[in-house]
Each structure stands twice: as structure tokens, then as C-alpha cells.
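Before any comments, here is the structure.
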Amino acid sequence: MTNFTFPSPQATDDEILLAHTPEYLDKLKTNALTEKEIRRLGLPWSAELMERSRRSVGGTIAACRAALTDEVAMSLGGGTHHAGPDHGEGFCVFNDTPIAARVMQRENGGRSDRRVRRVVILDCDVHQGNGTAAILNGDSTIFTFSIHGQKNFPFRKVPGSLDVGLDDGTGDDEYLDTLHEGVQRSFALSNPDLAIYLAGADPYAGDKLGRLALTQAGLAERDRTVFTLCREAGVPVAVVMAGGYGRDIRDTVAIHVETAWVAGEVF
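Using this note's numbering, the first residue of the sequence shown is number 1, and each one after it goes up by one.
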């Protein structure tokens with residue numbers, strides 16, 4: 001794996017509109033969100049938020065392009081999977097993974113030797129990717145796999161291609177067995193040309209919002225499982241960070257760093 005770091009570019013309006021409605025984008029550009037919409041988003045509007053959100057999407061797009069050349073790449077952001085077609089939600093302004101998947105399909109190998117027709121999104125954030133499922137409803141070319149806490153946010157789940165809801169307190173062994181089966185099944189059903197992996201730190205036992213009970217070693221094995229299955233299948237993978245709300249922020253940082261480290265070991 002080649003080690004390079006680059007600043008994230010800003011996603012364009014044209015790219016964002018691959019997943020979001022023109023009306024929603026216009027509200028964000030003109031600071032026209034209602035109080036109810038801001039409460040649902042969970043963040044106050046600002047120009048800085050808009051730039052950060054565009055760059056987060058741009059980073060995921062860039063990671064996908066790099067993965068097609070280098071087998072694996074990681075964006076230090078992204079995974080904002082609660083944003084729906086016409087609204088933000090749960091601290092998520094734009095939904096980067098469907099945007100990036102559709103950009104890759106549109107470019108269709110124009111920036112690498114690989115052609116991207118089908119994409120699988122492997123969502124291992126502890127919260128179900130309701131916005132991703134809503135955006136991609138009816139799109140058979142992008143497969144969504146979500147393994148999450150069943151009783152956790154969002155309380156109204158939007159069904160994706162394959163959803164696995166886990167009980168509170170689920171630990172390493174059950175999680176890893178379920179993950180392995182789910183990823184294998186997702187590959188078999190989707191036959192993907194590219195994977196996008198949401199490597200959330202929030203299934204950790206020490207996470208304030210997670211409600212699962214994975215150890216840091218278990219999360220590292222989760223990463224190893226995903227990367228190994230991608231490599232064995234010959235599927236390049238772009239990694240985004242998704243959520244992490246550790247009681248000790250150093251734990252969240254360590255989990256994300258370990259994801260990058262494991263990617264380097266496997267690839």
C-alpha cells in the first residue's frame with residue numbers, strides 16, 4: 001500500500017445532486033433551513049459547516065478513486081449515513097457514500113484501469129444507515145450492508161439491501177461471526193467492483209452512544225475481516241471513519257488509527 005496524504009477537495013453541486021434534492025441543497029447554500037430542520041440535523045448552520053461537509057464528501061470521492069488504483073484508501077472523515085435525499089439528520093449534512101458510489105459509476109474507470117458498475121457499502125457504524133438506504137432505494141447497482149444496534153438510533157430504520165440488527169451488549173465473538181457471514185453474503189449478492197467501508201468506532205464498549213460491547217481488539221479483528229474478505233475477492237475498498245463517541249476520546253482516536261494500520265497490514 002502506497003502511503004500518501006492529501007487534503008480533501010470540495011464536492012461540487014453536481015456531485016451532491018447525485019444523492020440529494022436541488023431544494024435541499026439550495027436551502028443549505030442560502031442558510032434557509034427551518035428551526036425544525038436544524039434540530040433534526042443537530043448542528044447550527046455556518047459557512048464553515050458547509051465547507052467542512054463538502055470536503056468530507058470530496059474526501060470520500062477521492063478515497064474511492066485512490067482505492068481503484070491502490071486497492072485500499074482511507075478518508076479521515078465521511079460516513080455521514082443519516083442524511084436523506086431532502087434533509088440532514090444526526091449530525092450528517094450530506095451523505096457521502098452514495099454520492100461517491102455514483103460518481104465512480106459515472107466516471108466508470110476514467111481515472112483508473114478498473115470499471116465501476118456495481119458498488120457495495122459495508123456499514124459497520126453502530127447506527128443503521130437509514131439515509132443511505134433511503135437514497136439508494138430502488139437502485140440495484142449499489143448494495144448496502146448494515147450491521148448495527150437494533151435498539152439504537154435511528155429508531156425508525158429504513159430497510160437497506162441487507163440489515164443485521166444486534167442486541168445491546170453484543171460482544172466480539174457474536175459480532176465477528178455475524179459480520180463475516182454478512183460480508184460474504186453481500187459480496188455474493190452484489191458482485192461488486194468497489195467496496196466502501198464505514199469503519200465506525202462506536203461499537204466499542206467504551207462508547208457513550210454505542211450500546212454494544214466490542215473491545216478494541218475485537219474492532220481491529222472486525223477491520224481485518226473486512227479487509228481480508230475484500231482482498232480475497234479482488235475488490236478495492238475505500239474506508240471512511242463514520243461515528244465514534246468514546247467516553248475517552250483517546251480510545252476513539254486509537255480505534256480509527258488501528259483501522260488504518262490494519263489496512264496497511266492486509267494490503
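C-beta: ideal position from N, C-alpha, C; glycine also.
Where does the unbroken alpha helix (DSSP H) through residue i begin, and where does it stop?
i: M241; result: Note, M241: premise wrong, no alpha helix (DSSP H); not H, not E.
i: S116; result: The identity of residue 116 in the sequence shown is Val, whereas the question assumes Ser. From DSSP, V116 is part of no alpha helix (DSSP H); its letter is neither H nor E.
i: D207; result: No alpha helix (DSSP H) contains D207, which DSSP labels as neither H nor E.
i: Q216; result: 216 to 233
i: R247; result: Element bounds for R247: n/a, residue is neither H nor E.
i: A100; result: 96 to 107
i: L25; result: 22 to 29
Going by DSSP, what residue range makes up the beta strand (DSSP E) through residue i?
i: Y197; result: 194 to 198
Using the Cβ count rule (16 or more neighbours within 10 Å means buried), how would you classify residue i?
i: F227; result: buried
i: V253; result: exposed
i: D122; result: Reading off the sequence shown, one finds Leu at residue 122, where the question assumed Asp. Counting Cβ neighbours within 10 Å, L122 comes out buried, since at least 16 surround it.
i: V266; result: buried
i: F145; result: buried
i: L189; result: exposed
i: R247; result: exposed
i: P192; result: buried
i: S8; result: buried
i: I135; result: buried
i: E71; result: buried
i: D14; result: exposed
i: P236; result: buried
i: S140; result: exposed
i: A263; result: buried
i: R211; result: buried
Report the CB separation of residue i from residue j in whole angstroms; it is logged as a contact under 8 Å.
i: M74; j: A63; result: 6 Å
i: Q216; j: E258; result: 7 Å
i: G243; j: G79; result: 7 Å
i: G165; j: H148; result: 6 Å
i: I196; j: T97; result: 5 Å
i: H82; j: P154; result: 7 Å
i: T132; j: N95; result: 6 Å
Closer than 6 Å: is that where the CB of residue i sits relative to any heavy atom of the ligand ADP?
i: G210; result: This structure does not include the ligand ADP; it has no bound ligands of any sort.
**Study point:** beta strand (DSSP E) segments (min. 3 residues) lying fully within the segment 42 to 92
**Key:** Listed in chain order, they are 72 to 74.
Point to revise | Runs of beta strand (DSSP E) lying entirely within the segment 119 to 188, each at least 3 residues, in chain order | key: Complete beta strand (DSSP E) runs here, min 3: 119 to 123, 142 to 149, 162 to 166.
Review point. Are at least three pairs of beta-carbons, each pair with one atom in the segment 10 to 27 and one in the segment 95 to 106, less than 8 Å apart?
Key: These segments touch.
**Study point:** Contact between the segment 196 to 215 and the segment 116 to 134 (3+ Cβ pairs under 8 Å)
**Key:** Using a C-beta cut-off of 8 Å, the segment 196 to 215 makes contact with the segment 116 to 134, since at least three inter-stretch Cβ pairs fall below that distance.
Check your understanding: Should the segment 36 to 45 be called in touch with the segment 84 to 97, which here means at least 3 C-beta pairs below 8 Å?
Key -> Contact check between the segment 36 to 45 and the segment 84 to 97: three or more CB pairs, one atom from each, fall below 8 Å, which counts as touching.
Check your understanding: Can at least three beta-carbon pairs, one atom from the segment 214 to 226 and one from the segment 132 to 144, be found at a separation below 8 Å?
Key -> Flag = no, the segment 214 to 226 and the segment 132 to 144 do not touch.
Review point. Are the segment 112 to 120 and the segment 46 to 57 touching, with three or more C-beta to C-beta distances below 8 Å?
Key: Contact fails between the segment 112 to 120 and the segment 46 to 57, because fewer than three Cβ pairs, one in each stretch, are under 8 Å apart.
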